[in-house]
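S.K.: Position 24 of the sequence shown, counted from 1, bears residue number 30 in the numbering used here, the numbering being contiguous throughout.
My questions will all concern the structure given below.
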Amino acid sequence: MPQPEQLPGPNADIWNWQLEGLCRAIDSSMFFHPDGERGRARLQREQRAKEMCRQCPVIQ
C-alpha cells in the first residue's frame with residue numbers, strides 16, 4: 007500500500023473531463039441506491055443511470 011507522502015498531488019488536468027459529464031448536475035442518488043431499495047424501483051433507477059452514462063459525451 008502506498009504511503010501518503012508518496013502519493014501524487016492533486017492535478018486538475020486529470021479531472022477536467024468531469025466538467026463535461028451529463029451527470030455533473032444530477033443528484034448522486036441516481037447512481038447509489040438508498041437503503042432498502044429493491045425490486046422494480048431499483049431496476050428503474052439503475053436503468054435511468056445507465057442510459058445517462060450511455061449518452062455521456064465523456065465516454066463517447
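Glycine residues also receive a C-beta, built at the ideal position from the N, C-alpha and C atoms.
(1) Nearest to Q50 by alpha carbon, out of F37, C29 and D41?
(2) For G42, which three-state DSSP category applies?
(3) Return the CA-CA distance between G45 and A55, expressed in angstroms with no decimal places.
(4) Whole-angstrom Cβ separation of H39 and R48, contact assumed at under 8 Å?
M.R.: Once the coordinates are examined:
(1) F37
(2) Correct three-state label for G42: coil.
(3) So the alpha carbons of these two residues sit roughly 16 Å apart.
(4) 6 Å
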